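A short write-up of the structure that comes next.
2 protein chains.
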Amino acid sequence: MRLYDYADSGNGYKARLLLSLLNIPYDYIETDIMSGETRTPEFLAMNPIGRIPLLALESGEHLAESDAILYYLAEGTLYWPDDRLDRARVLQWMFFEQYCHEPSVAVARFIVRHLPADHPRRGELPALHEKGHSALQTMEDHLATRDWMAAGQPTIADLALYAYTHVAGDGGIALDDYAAINAWMTRIRDLPGYVAMK
Amino acid sequence: MRLYDYADSGNGYKARLLLSLLNIPYDYIETDIMSGETRTPEFLAMNPIGRIPLLALESGEHLAESDAILYYLAEGTLYWPDDRLDRARVLQWMFFEQYCHEPSVAVARFIVRHLPADHPRRGELPALHEKGHSALQTMEDHLATRDWMAAGQPTIADLALYAYTHVAGDGGIALDDYAAINAWMTRIRDLPGYVAMK
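Protein sequences appear in the order of chains A and B.
Numbering-wise, our numbering puts 112 at position 112 of the first sequence, and it's gapless, one number per residue.
Numbering-wise, our numbering puts 376 at position 178 of the second sequence, and it's gapless, one number per residue.
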């Protein structure tokens, strides 16, 4: 398999982390989203939406969307549980991640790290910080009484949420007050095969 | 099963449509999101995120997130395909729906239908219309060469995307120029057990 990815992308890191946890070998192809490498005709032929991460399968087919890639890799492993309701809860938190968490926590980080200091989008940061803390508080409340987001075991829901949570500080969203999240992040880092973002 | 829902919600309609297609009986409990009925202590005890749709299972457990509810109901039926890559593609389009489609197409509709004519959020509409048309063009290009979003058969990816697409005009996003989307919507309406939004 080949993974088209961008080293600073938390969405890409989700796939890198699971590939490492599952000990699956793959070729890594750095794709610079800031210089238009996801907008070339060659890339758009593989993924019309023009986004990384993109997984190229041995069959020659391509799969996009970080959380769909997580599902594809996890099926048949311990990271995708056996029970139907447990699986639905895994997806519930993954949809929460894409709808409530990534658009604030990840976007704040992108603005801080990749846009100039005088860029007008910096004006979005106060609202993004408020929404980000709201999403983190939802996770904190949930993790206050359990070790993992769903199914009583580490699943792709944890990996999907860990990717941008653990670097939320990069975007100005401090994690100091989230004791349950910090304990959960330590559990994730202790998983055999864990690899850091970079 | 009981479905806590709001009649005008496309997210709720996803669950109602699949329950009808699968001929599953359920109790419908109208929950007025505009008057705070999803913010009561009783509702928050069932879903801490305070959103509909919410599916109450016969076991007494509750499941949130419209697309996770679709998965839960569809597993073991024709709306969730057998093949692992097909399933990943179904999820790919469902994550696309939550990340790229709902935040523009559904939010524009909400602003037009539920906020006063002089509400400041009306200023968001031009940007939402541009993003909404971008998401619809992605669907149009995809459907130009196939009948269904994924797996060569109707799946929950079609239902997830149909819910707000077919009422995009309510938010000022006209569908006239999307021939493939219109043909696909007709195919969905022809599915046995189809039920209109209201």
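Built from N, CA and C at the ideal position, the CB exists for glycine as well.
These numbers come from a predicted model, not from an experiment.
Assigned with DSSP and collapsed to three states, residue 30(A) falls in strand. Below the 9 Å Cβ cutoff, chain B contributes 246 as neighbours of residue 141(A), in chain order. If you draw a straight line from the Cα of residue 142(A) to the Cα of residue 266(B), it comes to about 17 Å. The alpha helix (DSSP H) runs of length 4 or more contained entirely in the region 121 to 152 of chain A are, from start to end of the chain, 125 to 143. In this model, residue 250(B) and residue 101(A) are separated by some 18 Å (Cα to Cα). For residue 164(A), the enclosing alpha helix (DSSP H) has its first and last residue at 156 to 165. Within chain A, the residues whose beta carbon sits less than 8 Å from that of residue 289(B) are 65, 67, 68, 71 and 91, listed in sequence order.
Close to residue 75(A), with beta-carbon spacing below 7 Å, are these residues of chain B in chain order: 282. Residue 262(B) is bridged by DSSP to 252(B). With distances taken between CA atoms, residue 145(A) lies nearest to 183(A) out of 183(A), 111(A) and 117(A). The beta carbon of residue 317(B) is closer than 8 Å to those of 309 in its chain, skipping five residues each way along the sequence.
When DSSP reads this structure, residue 2(A) sits in a beta bridge with 27(A) and 56(A). Residue 193(A) places its beta carbon less than 7 Å from that of residue 21(A). By the neighbour-count definition (other C-beta atoms within 10 Å, threshold 16), residue 203(B) is a buried residue. Non-local C-beta neighbours of residue 383(B) in its own chain, meaning closer than 6 Å and more than five positions away in sequence, comprise 364, ordered along the chain. Near chain A, meaning a CB-to-CB distance below 9 Å, the residues of the region 324 to 348 of chain B are 336, 339 and 340.
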